[in-house]
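Here the sequence shown stands for residues 1 to 117, where the numbers follow UniProt numbering.
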Amino acid sequence: MILRYVTNLKVAKQLFDAAQPKLKGDQGMKDAFEMFKLPESMVKVVGVTEAVAAGLFAISIFDKRLSQVASVLTLGVLAGAIYKHIEAGQGKEGAQHAIDVASLAGLSLVDNLVNKK
1 MILRYVTNLK
11 VAKQLFDAAQ
21 PKLKGDQGMK
31 DAFEMFKLPE
41 SMVKVVGVTE
51 AVAAGLFAIS
61 IFDKRLSQVA
71 SVLTLGVLAG
81 AIYKHIEAGQ
91 GKEGAQHAID
101 VASLAGLSLV
111 DNLVNKK
C-alpha cells in the first residue's frame with residue numbers, strides 16, 4: 001500500500017507541475033495547443049483536469065477509489081496528449097513524458113482493481 005501511495009504522489013507531483021503553466025495561461029502553452037489544432041479554451045480545461053487528478057492522487061491514501069478516479073482522469077487527458085504529439089509529427093520522443101506519466105497512472109489503476117485491500 002505504501003508503494004502504491006508513493007507512486008501516486010509521484011504522479012500527483014508530475015501532474016501538478018504540468019498543470020501550472022496551463023492554469024496560469026502561459027503563452028507557450030497556448031501556442032502549443034494551437035499547434036496541436038486545439039482551441040485555446042482547452043488550455044484551462046486540461047490544466048484544471050490535471051490539477052484535480054493531482055489532488056485526488058495526493059489524498060488517495062484515504063480511499064483507493066480516489067486513486068481510481070484520478071487514474072481515469074489522467075489516462076483520458078494524457079491519451080489525448082500522446083495522440084496529439086504523435087499526430088503533430090513529434091513521435092514517441094515528443095510524447096515520452098506523457099507516456100511515462102500515463103504508464104504510472106495505468107499501473108496504479110490496475111493495482112487498485114486487482115488488489116481487494
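Glycine included, each C-beta is placed from N, C-alpha and C at the ideal position.
Bear in mind that the values here come from a model prediction, so they are computed numbers and not experimental data.
- Leaving aside the five residues before and after A70 along the sequence, list all residues of the same chain whose C-beta is less than 7 Å from its C-beta, in chain order. A53, L56, F57 and S60
- Task: Look at A88 and F36 and say whether their C-beta atoms are less than 7 Å apart.
- Result: Yes, the pair counts as a contact, with Cβ atoms nearer than the cut-off.
- What are the boundary residues of the alpha helix (DSSP H) that includes residue 118? Beyond the ends of the chain as shown, which are 1 and 117, falls residue 118; an answer cannot be given.
- Closest residue to Q68 among V46, L107, K44 and D31 (Cα-Cα distance): L107
- Evaluate V110 with the Cβ neighbour count: other Cβ atoms within 10 Å of its Cβ, from every protein chain shown; 16 or more gives buried, anything less gives exposed. exposed
- Query: By Cβ distance below 8 Å, which residues in the same chain neighbour I86 in space, the five residues on each side in sequence not counted?
  - Reply: K92, G94 and A95
- Query: At a cut of 8 Å, does the stretch 37-44 reach the stretch 12-20 through at least three beta carbon pairs?
  - Reply: Look at the beta carbons and you see the stretch 37-44 not touching the stretch 12-20: under three pairs across the two are nearer than 8 Å.
- Whole-angstrom distance between K22 and M29, CA atom to CA atom: 6 Å
- Message: Given this structure, state the Cα-to-Cα distance separating K10 from V46, to the nearest angstrom.
- Response: Cα to Cα, the separation comes out at about 19 Å.
- Residue range of the alpha helix (DSSP H) that P21 falls in? I2 to L23
- Where do the N-terminal and C-terminal ends of the alpha helix (DSSP H) with S71 fall, by residue? Per DSSP, the unbroken alpha helix (DSSP H) holding S71 starts and ends at K64 to E87.
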